[in-house]
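A short write-up of the structure that comes next.
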Amino acid sequence: MAKIKLIDVANLAGVSKSTVSQYLNGRFDYMSDKTKVRIKLAVEELNYVPNPIARSLKLDKTKTIGVVVRDITGFYTSRTIRGIDDYCKTSDYNVLIYNTDVDPEVEARSLEALYQLRVDGIIIASSGENTDLIDKYIANGLPIVNFQLEHDGSEKSIIISDYRKAAFEATEYLIKLGHQRICFVTQDFSNVKSRRDRYLGYTDALNQYQLPIDEQLVQYWHRDSGFRNSPKIVLNEVNPPTAFFTQHLPITTELLAILNEANISIPDDVSLLGFDDIPMAEFFKVPVTVVTQNPYEIGREATKLLLNNIASEALYAQKVMIPCSLIERLSCKRI
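Numbering (the numbering used here) for the sequence shown: 2 to 336.
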């Protein structure tokens, strides 16, 4: 089937190509009603669909943004994408989503593909490994907004949760319940500022309540290999923790599985407070107390900042901190 072109519509309607183009772009000021009707009928009869790429080249805007995420299936990420998409719908923008599975090479290819597609801007949850590439695109005039994690603090525009304050308040909550041996379970935070901010919030609370900072109570988890030290071994030490404070949803879920297998009861044997909510946690036998972020709001704010930069002649760097909330459930007990 031959592709219908603009000239075909013009010929059927008996007008010029430029007149059809003006009609399609909503410029009717000097167009008679009869001409508009003829063009409308010709478009419908030929089932003509305008070429969005050709139109974007003329208008210098594609009305499309790209979103690059680490794991599209994640609860946080899916809610963020929903916030992005909802805001775009109210602003007549389309969204292209790329999933990287935390692979820097896939991330780099995704950025290049979106750049080649001439998107008007990009929202990214970066791996932190493509800073130079991202900076190059920004220098070329492409607005880019980061979210989820701040890596080295050099991100030009970023929307993130207030991690340090949230970690402080969660640790303080456990301290006020009587816990003095709180195990902070995290991923390696040496090269990720957002993770380090959570650790600093934890130590801020310990310092404020004059509790010692014991590095043995800082335990590590890796996405591929799991816990560096088994939680069962940690709990069998001479002076074990009375509470775990986990910093990532997969850490919380893996810890729950290990404790359940070992018949270690929450909160009778050990309390648990997790960062990020667990889907349908209210149906658990012991619902978990969590620090919950607001990913939907983060998505909306990231999109708002990006579209403002797209509309502006100059790119403005901005860092926006979104507060977190503590949801008290049954996994933490007073001691």
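Built from N, CA and C at the ideal position, the CB exists for glycine as well. None of the values given here were measured: they were computed from a predicted structure.
Quickly, what does DSSP pair residue i with across the bridge? List them, please.
| i | result |
| --- | --- |
| Met32 | Note: Met32 sits in no beta bridge, so no partner. |
| Ala244 | Ile183, Ser272 |
| Val292 | Phe276, Leu327 |
| Gly129 | DSSP output for Gly129 lists no bridge partner at all. |
| Ile124 | Val68, Val146 |
| Gly300 | DSSP, once it has assigned bridges, lists no residue as partnering Gly300. |
| Met281 | Note: Met281 sits in no beta bridge, so no partner. |
| Gly227 | His223 |
| Val239 | The partner list for Val239 (beta bridge, DSSP) is empty, contrary to what the question assumes. |
| Lys320 | Ile159 |
Following the continuous beta strand (DSSP E) through residue i, name the residue where it begins and the one where it ends.
| i | result |
| --- | --- |
| Leu97 | 95-100 |
| Gln220 | 219-223 |
| Phe148 | 145-148 |
| Ser162 | 159-162 |
To which residues of the same chain is residue i closer than 7 Å at the C-beta, ignoring the five residues directly before and after it?
| i | result |
| --- | --- |
| Ile85 | Val68, Val96, Ile124, Gly300, Ala303, Thr304 |
| Ala171 | Phe246, Leu274, Val292, Leu327 |
| Val107 | Thr101 |
| Tyr116 | Tyr138, Leu143 |
| Arg83 | Tyr297, Gly300 |
| Pro105 | Ser128, Glu130, Asn131 |
For a quick check, are the C-beta atoms of residue i and residue j less than 8 Å apart?
| i | j | result |
| --- | --- | --- |
| Arg39 | Val16 | yes |
| Tyr174 | Leu327 | yes |
| Lys233 | Ala206 | no |
| Ile267 | Leu273 | yes |
| Val146 | Ser155 | no |
| Ile66 | Cys89 | yes |
| Arg119 | Thr63 | yes |
| Leu178 | Cys333 | yes |
| Leu150 | Ser195 | yes |
| Ile252 | Val186 | yes |
| Leu7 | Ser22 | yes |
| Pro242 | Phe76 | no |
| Phe148 | Thr254 | no |
| Arg330 | Pro288 | yes |
| Ala27 | Ile311 | Ala is not the amino acid found at residue 27; the sequence shown has Gly there. Cβ distance not < 8 Å, so Gly27 and Ile311 don't count as in contact. |
| Leu308 | Tyr94 | yes |
Taking 7 Å as the cut-off, is the C-beta of residue i nearer than that to any heavy atom in the ligand MG?
| i | result |
| --- | --- |
| Glu302 | Absence of the ligand MG from the depicted structure is noted, as is the absence of any ligand whatsoever, leaving it without description. |
Which residues in the same chain as residue i place their Cβ atom closer than 8 Å to its Cβ, once the five residues preceding and following it in sequence are excluded?
| i | result |
| --- | --- |
| Ile5 | Leu47, Asn48, Tyr49, Val50 |
| Pro324 | Ser162, Asp163, Lys166, Ala167, Asn295 |
| Arg229 | Gln220, Tyr221, Trp222, His223 |
| Ile214 | Thr204, Leu207, Asn208 |
| Lys37 | Tyr24, Phe29 |
| Glu238 | Gln217 |
| Ser191 | Arg197 |
| Phe285 | Ile279 |
| Gln188 | Arg196, Tyr221, Trp222, His223, Arg224, Gln248, His249, Ile252 |
Would you say residue i faces chain D, with C-beta separation under 8 Å as the test?
| i | result |
| --- | --- |
| Arg330 | Structure shown: chain D not included; a single protein chain is present. |
Please list, in chain order, all residues of the same chain as residue i whose beta carbon is under 6 Å from its beta carbon, the five residues on each side excluded.
| i | result |
| --- | --- |
| Ile276 | This sequence places Phe at residue 276; Ile is not what is there. Cβ neighbours of Phe276 beyond the five flanking positions: Gln248, Val292. |
| Val321 | Ile160, Glu302 |
| Ala244 | Leu175, His180, Ile183, Ser272 |
| Gly129 | His152 |
| Tyr199 | Before going further, note that residue 199 is Arg rather than Tyr in the sequence given. Contacts found: Tyr164, Ala168, Gln248. |
For the alpha helix (DSSP H) that contains residue i, what are its first and last residues?
| i | result |
| --- | --- |
| Asn261 | 250-262 |
| Lys194 | 194-209 |
| Lys334 | Note, Lys334: premise wrong, no alpha helix (DSSP H); not H, not E. |
| Pro213 | Unbroken run through Pro213: none, as it is neither H nor E. |
| Tyr24 | 18-25 |
| Asp87 | 76-91 |
| Pro105 | 105-117 |
| Asn12 | 7-14 |
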